[in-house]
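For reference, the structure discussed in these notes is given below.
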Amino acid sequence: MKCKFSISFVLNFFLLTALLPKYVFAQGEIISIETKNHALVLNVTGKKDLNTIYLGKKLANKEEYAAISSAYKQTEDYTEILNSAYTPSGSRNLVEPAITATHADGNNSLDLRYIKHEIKTLKPGVSLTKIYLKDPVYPFEVSLFYKTYFNEDVVEQWTEISHKEKGLVTLHKYASANLHIKRNDFWLRQFYGDWAKEMQAEESKITHGIKTLDSKLGTRANLFQPPVFMVSFNKPATETEGEVLFGSLQWSGNFRTDLELDHQDNLRIISGINNFASPYALKANEVFTTPVFMYTFSAEGKGLASRNLHNWAREYKLLDGNGERLTLLNNWEATYFDFDEKILKDLLKSTKKLGVDLFLLDDGWFANKYPRNGDVAGLGDWQENKKKLPNGISSLVTEATANGVKFGIWIEPEMVNPKSELYEKNPDWVIKQPQREEHYFRNQLVLDLSNPKVQDFVFGVVDGLFTKNPELAYIKWDCNAVIYNAHSAYLKNQSHLYIEYVRGLYKVLEKIRTKYPKVPIMLCSGGGGRVDYAALQYFTEFWPSDNTDPLERIFIQWENSYFYPAISSANHVTDWGKQPIKFRTDVAMMGKLGFDIVIDHLKENDLKFAQQSVKNYDAVKHIIWKGDQYRLSHPKKDDVAAMLFVSKDKASALLCNYLVNNRYGAGSKFPVKLEGLDPNKKYKLTETNLYPETKSATDESKVYSGDFLMKVGFNPQVNKDRASVILKIEAQ
Ligand code: GLA
């Protein structure tokens, strides 16, 4: 019988089909993970690979997601899993994996195929999609979780890894999320810093290869780099325009986010615990749950993304996010370690005189054998220093109550000075290499929170304070040291230390919150060295930086404001910086107001101003804490920084303006265009926080429509003589 096709035809056919790019059409099941405005769309392929086909604006018709892949004419994906929703390694993959493992038999390969998925509504507006993946060869399973917050456009992702192999499986990498995004270009906005220099922003175009944002510091993990980042798609997003994704890992330890621009120009974002020095030995049936990676996507610029995050944080994450906060007077910069009962009792009177809610006693109140008179000794010995406080904390709490103010206290329970009784008695509670020279960070070592006895000790520090002083109203929880010489005398497997430390910390915080659910606690880490949304579930606020020079603070608070709502940012008026008290106070008002100055040293008018500013703040604080935040003009770009807070009902707003440049008569030459108001409402603008005996330059008799204020704007008349201007905007 004659063959229908010649040999050369058949050869040519195969050659051609092999050389032509295989255009991928989505076949098989589509899983769309949607919020109000955006969608992450996954596709189960014929081979049961789970791949990402879309991340962007949601389509009106779900049916059309299946057609997305055919719109891309990129080169061939040889592996068929370049867009894997969770990239395994050691089988077909050729790029950065999300997970790598060595099986119990020593084999290094992993493949993950789709088994099934389920979707649950957890509460109105919150759903959970769970996708089951399994290795076809090994009894090794991975489940991917996608928790969506519909109204806030926020997605939380995490992973559960488990196996039923005979022996231990070593996980070398275990990411929380693996995003895959197709756009023309990508721009990364990232942050770096150091002590007193947190949240320094830089933006660059992402080039091919891998850009890693990470921390290897263990505790105080964000000292050099926080986990938050933004990626703009196609072009750098502005406040009001452009596609942008804000992301962050919720983990108070070592993190790692890889941003890989692959050979096809797609962006792969893989984020999780940093696997640095941390291969994890997983027992059969043990479930390794990764921390949560969170992201929000906005197609209308950074402003909307940040407001969505704020709404989400207040509603679901930040402890008591919709609650109240206390204004306070702190004694750290007023006294440092140099105080006694008499000085503190005078400061309690100052607290009342100033009109704030609470007095916060900072470092230096404890330790007897090695008194805490400086940062070289005493840390770990949490008994009142008898010389400074012969009548204990309780007499101060009583005195505070008598003055009509509340009392709060500073602790740093995770760390120890080698010069302390705690270290003498429990040298094995400390993280250090047994045979190496100790190396200190601020004269401290870190306690080994992987050890349950240490966990009990740390819990006991807090519990002891509350048991003895039930009226204690506030805690500032500090964490100054990083982990050097990572070694635990308790753990058998040293490569688990960085992970077990954080797990231990969360166990302690969980226990504290079970017993003391709402008491306000400030998250401090020598400034903003540990700010993340896992920690903020246990804390009501954080300390962004020890740098309180108001000019620097404008920048630090500004960058933080993209990710964290104003209610969570503790801002204090101090003597850093040479600016007048009005400027310092106006800057601190951009979040949760506090003071750390000697009230009795204030000149008459400065004192009057400070007292009045507390009252003014009380009148507007709910707009700042609970309203929508708009960044109107930028300190990095403009002479005047302008931040607006608008109440949810659009009836009131607060416009905060700050001069950030003093060259060539810098000032507000142009009106500041407002946002978020009701165009049909009429608004009156009045200046608040005026310094005594000064007059406002604002004509307060005028009324403007929201339409006018948003299209033309308002000039706050900021100049060197009016370096900060705070305007109350009220609907008539
Ligand atoms: C850290 C904090 C400061 C202060 C000191 C006390 O540096 O960031 O605010 O509490 O510790 O030692």
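In our numbering, the protein residues as written are 316 to 1047. All C-beta atoms in this analysis are idealised placements derived from N, C-alpha and C, irrespective of residue type, glycine included. These numbers come from a predicted model, not from an experiment.
| query | Helix, strand or coil for methionine 514 per DSSP? | reply | coil
| task | Could you tell me how far apart the beta carbons of phenylalanine 681 and asparagine 700 are, in whole angstroms, since I believe they sit closer than 8 Å? | result | 6 Å
| Residue range of the unbroken alpha helix (DSSP H) whose run includes lysine 632 | First-last for lysine 632: undefined, no H or E at that position.
| said: Considering only heavy atoms of the ligand GLA, does any lie closer than 8 Å to the CB of asparagine 886? | reply: no
| query | Does the beta-carbon of proline 606 have 16 or more other beta-carbons within 10 angstroms, so that it is buried, or is it exposed? | reply | buried
| In terms of residue numbering, what span does the alpha helix (DSSP H) encompassing alanine 386 cover? | Note, alanine 386: premise wrong, no alpha helix (DSSP H); not H, not E.
| request: Return yes when the Cβ of aspartate 450 is within less than 9 Å of the Cβ of aspartate 426, no when it is not. | output: At a Cβ-Cβ threshold of 9 Å, aspartate 426 and aspartate 450 count as neighbours.
| said: Rounded to whole angstroms, what is the Cα-Cα separation between proline 695 and proline 728? | reply: Contrary to the premise, residue 695 reads as glycine rather than proline in this sequence. Spanning the two alpha carbons is a distance of roughly 7 Å.
| field | Under the three-state DSSP convention, the category asparagine 294 falls into | value | As shown, the chain starts at 316 and ends at 1047. That puts residue 294 outside it, with no answer to give.
| query | Is the stretch 756-766 touching the stretch 816-823, taking contact as three or more C-beta pairs under 8 Å? | reply | By the Cβ test, the stretch 756-766 is in contact with the stretch 816-823, since at least three Cβ pairs between them sit closer than 8 Å.
| field | Cβ neighbours of lysine 337 in the same chain (closer than 8 Å, five flanking residues each side left out) | value | Residue placement at lysine 337 cannot be trusted, given a pLDDT of 40 that sits under 50; the coordinates are not used to answer.
| request: Measure the C-alpha to C-alpha separation of proline 594 and proline 686 and round it to an integer number of angstroms. | output: 41 Å
| field | Continuous alpha helix (DSSP H) stretch holding arginine 1055: start and end | value | The structure shown has nothing for residue 1055, since the chain only spans 316 to 1047.
| query | Ends of the alpha helix (DSSP H) at glutamate 395? | reply | That residue, glutamate 395, is in no alpha helix (DSSP H); it is neither H nor E in DSSP.
| Where does asparagine 995 sit, in a helix, a strand or coil, going by DSSP? | coil
| query | Among residues of its own chain, excluding the 5 on either side of asparagine 283, which ones have a beta-carbon nearer than 7 Å to its beta-carbon? | reply | The structure shown does not extend to residue 283, since the chain is modelled only from 316 to 1047, so the question has no answer here.
| query | Taking just the CA atoms, how far does glycine 843 sit from lysine 309? | reply | Beyond the ends of the chain as shown, which are 316 and 1047, falls residue 309; an answer cannot be given.
| task | Drop a sphere of 10 angstroms on the beta-carbon of alanine 375, count the other beta-carbons inside from all chains shown, and report buried for 16 or more, exposed for fewer. | result | By the neighbour-count definition (other C-beta atoms within 10 Å, threshold 16), alanine 375 is an exposed residue.
| query | Mind checking whether tyrosine 489 and asparagine 590 have CB atoms under 9 Å apart? | reply | yes
| message | According to DSSP, is glutamate 714 part of a helix, a strand, or is it coil? | response | The three-state secondary structure of glutamate 714, taken from DSSP, is helix.
| query | Beta carbon of asparagine 366, beta carbon of lysine 497: below 9 Å? | reply | no
| Exposed or buried, histidine 754, counting other C-beta atoms within 10 Å across all chains shown (16 or more means buried)? | exposed
| query | Should serine 840 be counted as a contact of the ligand GLA given a C-beta to heavy atom distance under 8 Å? | reply | Flag set: Cβ of serine 840 near the ligand GLA.
| field | Minimum length 3: unbroken beta strand (DSSP E) runs contained in the stretch 484-538 | value | DSSP runs (the beta strand (DSSP E)) wholly in the stretch 484-538: 484-497, 501-507, 515-520, 524-529.
| request: Would you mind reading off the limits of the alpha helix (DSSP H) that contains histidine 1050? | output: Only positions 316 to 1047 of the chain appear in this structure, which leaves residue 1050 out of reach.
| query | Just to confirm, does aspartate 890 get its C-beta within under 8 Å of one of the non-hydrogen atoms of the ligand GLA? | reply | no
| task | Return the residue from the list Ile446, Lys965, Pro835 that minimises the CA-CA distance to valine 777. | result | Valine 777 has its Cα closest to that of Pro835, out of Ile446, Lys965, Pro835.
| task | Using the DSSP secondary-structure output, state which residues sit across from leucine 443 in a beta bridge. | result | Lys435, Lys462.
| message | Is glutamate 727 near the ligand GLA - that is, is its Cβ less than 8 Å away from at least one heavy atom of it? | response | yes
| Backbone CA spacing between alanine 649 and aspartate 911 [nearest angstrom] | The C-alpha of aspartate 911 is placed about 6 Å away from the C-alpha of alanine 649.
| task | From the DSSP output, in three-state form, read off leucine 644 for me. | result | strand
| Would alanine 717 count as contacting chain C if we go by Cβ distances under 9 Å? | As a matter of chain content, chain C is missing from the structure shown, which is built from one protein chain.
| query | Taking DSSP as the reference, what is the three-state secondary structure of leucine 409? | reply | coil
| field | Secondary structure of tyrosine 610, DSSP reduced to three states | value | Here tyrosine 610 sits in strand by DSSP.
| query | alanine 1038 by DSSP, collapsed to three states: which one? | reply | coil
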